[in-house]
Amino acid sequence: MLRVKIHIALSAIGAFLGLSAFICFCIVYANIEAGMWALLSGIHASLALMLHCHYLKESLHVNFSRKALQYIGDFGIVGFVSGAALTLFYLFLEIYYKADVMPIKTSIIIRLVWSFMMMKWGLLLYLVTKKYLRTYNDHQLFSENPNIEETENLIQQEDVPDDHGDGETTWTV
């Protein structure tokens, strides 16, 4: 559980820094692209934080189905792929133009850093969902109710007609 608490702390720091950088770069420095990548990085970190917290409280299986975790993992892999593409693009621009960090409004390096952070948090979110998907048991693969077989047996027993021996058959439902 110490490892999960460390992941919670790191995810909280990532979510806070992503949101802070979004506000800073969009409002103060008017570098909208860097702000958007910081926001997406913060969203990925926040989702990882949410999953870690639910896992620590042992409420992950109650609040998230396998399909929901798979969708969150898909969102993570989209963030990873788009972050990787943006990182390579900004790296090419930086090498080609040899731009400086200043002025911040047009800085390619800051965009490069936050696209890398989006790539990192997208990959981590994907890995976290895969890790937590392995904790689901086989009953949860097929249904939300692990006792579905017991329910079907009860229904089959109730649908059997009652024969009282007097020629009348009654059905109980």
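The numbering of the sequence shown is full-length UniProt numbering, which starts it at 1 and goes up by one.
Note that beta-carbon positions come from the ideal geometry of N, C-alpha and C, so glycine has one too.
Source: prediction; values computed, not measured.
Query - Status (buried if at least 16 other CB within 10 Å, exposed otherwise) for Phe-22 - result: Along the sequence shown, one-based indexing puts residue 22 at 22. Sixteen is the threshold: when 16 or more other Cβ atoms of the shown chains lie within 10 Å of the Cβ of Phe-22, as they do, the residue is buried.
Report task. Report the three-state DSSP secondary structure of Tyr-71 (helix, strand or coil). Result -> One-based indexing of the sequence shown puts residue 71 at position 71. Three-state result, Tyr-71: helix.
Report task. Starting from Glu-33, trace the alpha helix (DSSP H) both ways and give me its first and last residue. Result -> As a working note, residue 33 is residue 33 in the sequence shown. That run of the alpha helix (DSSP H) goes 32-56.
Query raised in the report: According to DSSP, is Tyr-29 helix, strand or coil?
Result: Position 29 of the sequence shown, counting from 1, holds the residue named residue 29. Residue state, collapsed to three classes: coil.
Query - As assigned by DSSP and simplified to three states, the class of Arg-134 - result: On the sequence shown, position 134 is the one that residue 134 refers to. Here Arg-134 sits in coil by DSSP.
Query raised in the report: Terminal residues of the continuous alpha helix (DSSP H) containing Ile-23?
Result: Against the sequence shown, residue 23 aligns to sequence position 23. 2-23 is the span of the alpha helix (DSSP H), which, as asked, contains Ile-23.
Query raised in the report: Does the distance from the C-beta atom of Ala-38 to that of Gly-14 stay below 8 angstroms?
Result: The sequence position of residue 38 within the sequence shown is 38, counting from 1. The sequence position of residue 14 within the sequence shown is 14, counting from 1. Taking 8 angstroms as the Cβ cut-off, Ala-38 and Gly-14 do not qualify as a contacting pair.
Query raised in the report: Taking Cβ to Cβ, would you say Gly-122 is nearer than 8 angstroms to Gly-73?
Result: Your numbering for residue 122 matches position 122 in the sequence shown. Your numbering for residue 73 matches position 73 in the sequence shown. No, the pair does not count as a contact, with Cβ atoms beyond the cut-off.
Query raised in the report: When burial is assigned at 16 or more other CB atoms within 10 Å of the CB, is Ile-108 buried or exposed?
Result: Position 108 of the sequence shown, counting from 1, holds the residue named residue 108. Looking at its Cβ environment, which holds 16 or more other Cβ atoms inside 10 Å, Ile-108 is buried.
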